[in-house]
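Protein chains: 2
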Amino acid sequence: MRIEDEIKQPVFRNNFEKAIINLSYTAGWLEVRQAAAFRPYGLTLPQFNILRILRGQHPQPATVALLIDRMLDKTSNASRIVDRLEEKQLVTRCVCPVNRRAVDIRITDAGLELLGRIEAEDILNPVRLGLGAFSADELHQLNELLDKMRSDN
Amino acid sequence: MRIEDEIKQPVFRNNFEKAIINLSYTAGWLEVRQAAAFRPYGLTLPQFNILRILRGQHPQPATVALLIDRMLDKTSNASRIVDRLEEKQLVTRCVCPVNRRAVDIRITDAGLELLGRIEAEDILNPVRLGLGAFSADELHQLNELLDKMRSDN
DNA sequence: TAACATTAAATGTATCTACACATATTTGTA
DNA sequence: TACAAATATGTGTAGATACATTTAATGTTA
Chain S
1 MRIEDEIKQP VFRNNFEKAI INLSYTAGWL EVRQAAAFRP YGLTLPQFNI LRILRGQHPQ
61 PATVALLIDR MLDKTSNASR IVDRLEEKQL VTRCVCPVNR RAVDIRITDA GLELLGRIEA
121 EDILNPVRLG LGAFSADELH QLNELLDKMR SDN
Chain L
1 MRIEDEIKQP VFRNNFEKAI INLSYTAGWL EVRQAAAFRP YGLTLPQFNI LRILRGQHPQ
61 PATVALLIDR MLDKTSNASR IVDRLEEKQL VTRCVCPVNR RAVDIRITDA GLELLGRIEA
121 EDILNPVRLG LGAFSADELH QLNELLDKMR SDN
């Protein structure tokens, strides 16, 4: 459905404003679907992303600073997302022995098992999420256009 | 900058996953800039959108149900966003006389004045927000691709 | 008309983003 | 060595999203 019909606004000031609104709306639309896919597992999208970063480091620990560096959203509060994961015993946290300012965070066996279970279901598969079908060329175009949006010129 | 470099992830499983991540990242990037533009006026983006809907109705009142219908994000809690606007005396709320379940919400003169001031500054102008320059053709393509993403087929 | 369903909004709870500030530790330097 | 600066993380507060539940008013129907 075209964005005009989705949000019942027949006219935009210009196509740039329309693209900006379309971008925000589509990203929100996608997020709702992703969150719904995670709900059965008791995880949110940020929690899932942190778990994946931790598995990438495993069996080495990660610090909060490393998580922030790897996260999409730099300003989000990794510390409190780790709190939630720790409550669910999916990660452990202990003061780093060589630098007591830092905190070593590790994914637990339960965390690894949960990640494996989620990925086995392939819940983030675009088709399963109900997304449109794109050609290789269209995906390339979309990526280029989005990169250009942030080009700051 | 390409999304690979932005988030320091050189490889994606496929271009579809890359586009999904690019979409979320770019929307978040944009939101940060929009929020910063509103900050000097003490408004958030959802608050601004509600005010614009109310101005569209003015001098007729709107109900919470009408606000939700017009909002981009259907599940957001319009009731509490109106709370914030009411505290700032930018809107008024009173029980609808013909249907006492409903609440009539109106933008105040101060609200109209604030909206006018914000729009006079043109703070959401794409160039002012630091967005890339697009041709008419590229904007059309981007809108088509985003619409297609939500096409659910 | 009494009983029940529906509607409109508000409230409760959990999580997240955003930003400022606090605390503890380490490092650099006079 | 003492002390300031930098670093790593945690905490506080405000606003928002998401979803379930509650309250009050209105419709509907037996």
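As given, the protein sequences belong to chains S and L, one line each in that order.
Quick note: the first sequence, position 94, residue 94 per my numbering, numbers continuous.
Quick note: the second sequence, position 75, residue 75 per my numbering, numbers continuous.
By construction, the Cβ of each residue, glycine as well, lies at the ideal position given by its N, Cα and C atoms.
Source: prediction; values computed, not measured.
Interface annotation, residue 25 of chain S: in contact with chain L, CB-CB separation under 7 Å.
Contacts between residue 19 of chain S and chain L, judged by CB atoms closer than 7 Å, involve 139, 142, 143 in chain order. As a beta-bridge residue in DSSP terms, residue 62 of chain L pairs with L:105. In this model, residue 137 of chain S and residue 117 of chain L are separated by some 44 Å (Cα to Cα). Judged by beta-carbon spacing, residue 107 of chain S lies beyond the 7 Å limit of residue 127 of chain S, meaning their Cβ atoms are not closer than that value. Among the CB atoms of chain S, one or more fall inside 7 Å of the CB of residue 7 of chain L. Along the segment 100 to 128 of chain L, the positions whose C-beta sits under 7 Å from a C-beta of chain S are 126, read in chain order.
Between the segment 30 to 45 of chain L and the segment 71 to 79 of chain L there are fewer than three C-beta pairs closer than 8 Å, too few to call the two in contact. Boundaries of the beta strand (DSSP E) around residue 92 of chain S: 91 to 95. A contact is defined here as three or more CB-CB pairs under 8 Å, and the segment 3 to 11 of chain L fails this definition with respect to the segment 5 to 15 of chain S. Residue 57 of chain L is positioned such that its CB atom lies no closer than 7 Å to that of residue 85 of chain L.
Taking the C-beta atoms as reference points, residue 43 of chain L is found no nearer than 7 Å to residue 53 of chain L.
Counting the other Cβ atoms within 10 Å of the Cβ of residue 133 of chain L gives fewer than 16, which makes it exposed. A direct Cα-to-Cα measurement between residue 59 of chain S and residue 104 of chain S gives close to 11 Å.
Rounded to whole angstroms, residue 123 of chain S and residue 130 of chain S show a C-alpha spacing of 11 Å.
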